[in-house]
Structure formats: structure tokens, C-alpha cells
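In full-length UniProt numbering, the protein residues as written are 1 to 141.
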């Protein structure tokens with residue numbers, strides 16, 4: 001379900017992750033923008049002991065939702081370039097690796113008046129992708 005794009009209360013959330021197979025470390029990023037495209041927040045973080053890119057993507061989205069909840073945003077339209085993650089959320093698809101994170105995401109979702117989760121292509125997520133890679137790179141050196 002897409003939220004109406006003409007609603008000034010709808011905030012767009014783009015999340016992404018970068019993962020290093022050798023160190024099992026991930027960099028996370030999320031960008032929250034208002035209906036006019038102005039940035040509300042640009043967040044990033046890193047974490048060790050991440051076992052897959054899918055887990056990293058799920059954690060990035062969970063961090064984004066946590067941030068949006070703390071800001072008291074009422075309506076959120078979330079985008080991720082990870083199709084498996086979006087299907088797991090929207091279709092109640094059981095993915096063992098991220099089951100607990102999906103449960104957290106669904107619980108966080110109840111804090112919003114309206115929320116949607118959509119897949120989009122990596123080419124549409126250049127900014128969050130660059131921020132995630134930067135976060136990871138700065139933590140590796």
C-alpha cells in the first residue's frame with residue numbers, strides 16, 4: 001500500500017546498508033525527508049557481527065523506524081532496495097535470518113498513524129547507499 005504523496009504529513013524514509021564479508025561489520029544509513037523533499041534527518045551507524053547483507057538491510061530499516069518514532073512522525077512511507085526484506089514485511093513471509101528483526105519492525109510500525117513499505121531500485125537510493133558505505137568505511141580504518 002502506498003501512502004498519498006500529496007499528504008504533507010507523509011515522510012519518506014529511505015534506508016540502506018553496506019556489509020563487509022571479512023569483518024562481518026555493517027554500516028547503516030537512513031534518510032527521512034518531508035513531502036517537499038527537505039531532509040528531516042540523515043542517520044548512520046555501524047555494528048559488528050552481522051552475518052549477511054539481508055540482516056544488515058533489516059537492521060537499517062529498524063534503525064530508521066526507531067529514529068522516526070523518536071521524532072514523533074505520524075505517517076511514514078519506507079523504501080528499501082532489498083526485495084526479500086520488503087516481501088517479508090508485507091507478505092508475512094517467514095525468513096529465518098531476520099524473523100526477530102521483522103517482528104521488531106512490525107511492533108515499531110504500530111507507533112505510526114499510517115505506514116507503508118515498498119521496494120525500489122538501488123539506483124533510486126544513491127544517497128542512503130553512499131551514506132551507508134561511508135559509515136562502514138570509516139569504521140574499518
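Backbone N, C-alpha and C define an ideal beta-carbon position, used for all residues, glycine too.
Everything numeric in this text was worked out from a predicted model, so none of it was measured.
- Taking residue 63 as the centre and dropping the five residues before and after it, the same chain places the C-beta of 15, 28, 30, 43 and 45 closer than 8 angstroms to its C-beta, in chain order.
- Contact annotation: the stretch 51-59 touches the stretch 74-93, with at least three C-beta pairs closer than 8 angstroms.
- For residue 108, the enclosing alpha helix (DSSP H) stretches over residues 99-109.
- Remark: C-beta atoms of residue 114 and residue 3 approach each other more closely than 8 angstroms.
- Counting C-beta pairs closer than 8 angstroms gives fewer than three between the stretch 122-137 and the stretch 93-107, which falls short of the contact rule.
- With contacts defined by Cβ atoms closer than 8 angstroms, residue 11 and residue 40 form a contacting pair.
- Our two residues, residue 139 and residue 22, have alpha carbons roughly 13 angstroms apart in a direct line.
- When secondary structure is reduced to three states using DSSP, residue 47 falls in the strand class.
- If you look at residue 75, you'll find it isn't in any alpha helix (DSSP H); it sits in the beta strand (DSSP E) that goes 75-80.
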